[in-house]
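*Asks:* So that we are looking at the same thing, I have put the structure below in structure tokens.
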């Protein structure tokens with residue numbers, strides 16, 4: 213973080229100059245400007261996919277009775293996208309839609325993957341299948357709508373969509389921004405994450421849902437939480453929680469978190485970190501702000517989603533990251549009955565938690581500045597009755 217502000221400015225200047233200075237997902241964790249996200253995506257797309265291919269679908273009209281939807285993803289398994297999408301696949305109206313799932317990722321033999329297989333009319337294992345073959349298969353199956361659930365994330369296969377296997381091609385869920393490619397016709401969103409006035413910063417046309425675009429995981433029970441001590445937490449004291457990926461932790465938000473620990477003696481901050489280097493860096497940053505590093509408690513990954521969700525019920529308040537919000541993580545917290553405070557920013561990835569809160573009729577937990585973010589969290593930590601009332605509304 214020493215030169216983060218300077219480095220972010222240099223990266224942004226490079227983007228303004230048309231240079232590929234940062235990958236799109238990484239830039240979302242640095243900048244809250246939707247126009248710069250678009251420019252970054254355009255540069256990335258042009259560099260990554262300089263070639264264009266003849267369309268596999270050439271305008272043919274289909275006469276089959278049900279609409280055929282193909283979902284293409286590497287994450288139809290134990291993965292945040294998998295947890296969010298399983299219930300969506302299971303709840304399609306099968307009298308109107310024929311569902312095809314194309315798995316381009318690993319087979320983890322999980323019960324979650326089994327749900328996708330059971331819920332699909334056709335489940336295609338495409339991990340080792342060449343891109344042109346997948347595109348031709350989708351065309352031969354007369355797919356009407358092809359949905360990319362990965363975008364510019366790990367193990368995605370954007371080039372499938374560059375072959376245009378379907379009349380309608382959609383960007384949804386896995387990647388919170390524009391693909392900046394003409395082969396995507398729509399992005400599924402809501403008016404909170406993508407206000408109509410920001411549509412100029414997207415190559416896709418927004419297809420708006422009337423509610424939050426992010427589905428909440430279904431078919432999962434929350435396990436009984438363990439005692440605080442089993443999680444390394446003190447028996448007493450307020451527990452602030454942020455289980456977001458550590459790359460999303462921005463110093464401007466970390467400053468607020470440490471202010472809250474200053475304001476509430478005996479409180480701790482419960483974080484998720486995947487490596488010792490990050491843990492030590494965050495402890496050092498806490499100490500530099502006058503906070504005992506031991507007041508940062510780090511959770512480890514657990515194999516069962518039920519046990520992970522149970523941990524939220526031990527915490528008192530979830531604090532969101534910015535400019536890249538918690539997405540699945542915020543949905544998990546709310547599903548588990550834990551209130552979330554967020555800073556509603558100016559770009560898609562910084563407005564997801566606000567959309568979730570608005571859909572749950574809790575818009576007062578979405579703040580509009582860093583200071584109101586602090587004030588909201590500070591007030592809730594001081595007013596247990598008010599915090600309990602929020603929990604009651606979530607359950």
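Residue numbers (the numbering used here): 213 to 607.
Built from N, CA and C at the ideal position, the CB exists for glycine as well.
1) Could you check which residue in 370, 227, 455 and 472 has the C-alpha nearest to that of residue 255?
2) Within a Cβ cutoff of 8 Å, which residues of the same chain sit near residue 593, ignoring the five residues on either side of it in sequence?
3) For residue 522, which residues of its own chain have a beta-carbon under 7 Å away from its beta-carbon, when the five flanking residues on both sides are left out?
4) Whether or not the segment 413 to 422 and the segment 488 to 503 are in contact is what I'm after, with contact meaning three or more pairs of Cβ atoms, one per stretch, closer than 8 Å; do they touch?
5) Label residue 534 either buried or exposed according to how many other C-beta atoms from any shown protein chain fall within 10 Å of its C-beta, with 16 as the threshold for buried.
6) Which residues in the same chain as residue 269 place their Cβ atom closer than 8 Å to its Cβ, once the five residues preceding and following it in sequence are excluded?
7) Of the choices 531, 215, 298 and 316, whose alpha-carbon is the least far from that of residue 341?
8) Cβ atoms of residue 423 and residue 401: under 9 Å apart, would you say?
9) DSSP three-state label for residue 538, please.
10) How about residue 289 and residue 325: do their beta carbons lie closer than 9 Å?
11) Between 489, 579 and 245, which lies nearest to residue 561 when the distance is taken from Cα to Cα?
12) Given residue 292, which residues of its chain have a CB within under 6 Å of its CB, disregarding the five upstream and five downstream residues?
13) Only counting the same chain, and skipping five residues up and downstream in sequence, which positions put a Cβ closer than 8 Å to that of residue 257?
14) Bridge partners for residue 524 per DSSP, in chain order?
15) Would you call residue 243 buried or exposed, if buried means 16 or more other Cβ atoms sit within 10 Å of its Cβ?
16) DSSP puts residue 596 in a beta bridge; with which residues?
17) How do the segment 298 to 311 and the segment 272 to 284 stand: do at least 3 beta-carbon pairs fall below 8 Å, yes or no?
18) With DSSP as the reference, label residue 396 as helix, strand or coil.
19) I need the boundaries of the beta strand (DSSP E) containing residue 312, first residue and last residue.
20) What three-state label does DSSP hand residue 560 in the structure shown?
21) I need the straight-line Cα distance from residue 487 to residue 222, nearest angstrom please.
22) State the CB to CB distance for the pair residue 564 and residue 542, rounded to an integer number of angstroms; the pair is presumed to be in contact (CB under 8 Å).
23) Given this structure, state the Cα-to-Cα distance separating residue 604 from residue 549, to the nearest angstrom.
24) Which one of 356, 304, 234 and 251 has the shortest CA to CA distance from residue 271?
25) Decide if residue 338 is buried, meaning its Cβ has at least 16 other Cβ atoms within 10 Å, or exposed.
26) With H, G and I counted as helix, E and B as strand and the rest as coil, what does DSSP make of residue 252?
27) Return the Cβ separation of residue 371 and residue 343 in integer angstroms, given the expectation that the two are a contact with Cβ distance under 8 Å.
*Replies:* With the given structure in hand:
1) Answer by Cα proximity: 227.
2) Taken in chain order, the residues that qualify are 450, 452, 472, 475, 476, 479, 528, 529 and 599.
3) Only 434, 435, 436 and 437 meet the Cβ criterion.
4) The segment 413 to 422 and the segment 488 to 503 do not touch, with fewer than three beta-carbon pairs separated by less than 8 Å.
5) Taking a 10 Å sphere around the C-beta of residue 534, we find 16 or more other C-beta atoms and assign the residue as buried.
6) For residue 269, where only same-chain residues beyond five positions count, the Cβ hits under 8 Å are 351, 376, 377, 378 and 379.
7) Measuring C-alpha to C-alpha distances from residue 341 to each of 531, 215, 298 and 316 identifies 316 as the nearest.
8) Using a Cβ distance threshold of 9 Å, residue 401 and residue 423 do not count as a contacting pair.
9) Residue 538: coil per DSSP, three-state reduction.
10) Residue 289 places its beta carbon less than 9 Å from that of residue 325.
11) Ranked by Cα distance from residue 561, the options 489, 579 and 245 are led by 245.
12) Only 540 meet the Cβ criterion.
13) In chain order, 391, 392 and 393 place their CB closer than 8 Å to the CB of residue 257, counting only its own chain and leaving out the 5 sequence neighbours on each side.
14) In the DSSP output, where bridge partners are listed per residue, residue 524 has none listed.
15) Counting Cβ neighbours within 10 Å, residue 243 comes out buried, since at least 16 surround it.
16) According to DSSP, which records beta bridges pairwise, residue 596 is partnered with nothing at all.
17) Three or more beta-carbon pairs separated by less than 8 Å link the segment 298 to 311 to the segment 272 to 284, which places the two stretches in contact.
18) Coil, per DSSP.
19) Looking at the DSSP string, the run of the beta strand (DSSP E) that includes residue 312 is 309 to 315.
20) DSSP places residue 560 in helix when its eight states are reduced to three.
21) Each residue's alpha carbon lies about 28 Å from the other.
22) So it is a contact: roughly 7 Å between Cβ atoms.
23) Each residue's CA atom was taken as its position, placing residue 604 and residue 549 some 8 Å apart.
24) Between residue 271 and the set 356, 304, 234 and 251, the nearest pair of CA atoms involves 356.
25) Residue 338 should be labelled buried.
26) In the displayed model, residue 252 falls within a helix according to three-state DSSP.
27) Going by Cβ atoms, the distance from residue 371 to residue 343 rounds to 5 Å, so yes, they are a contact pair.
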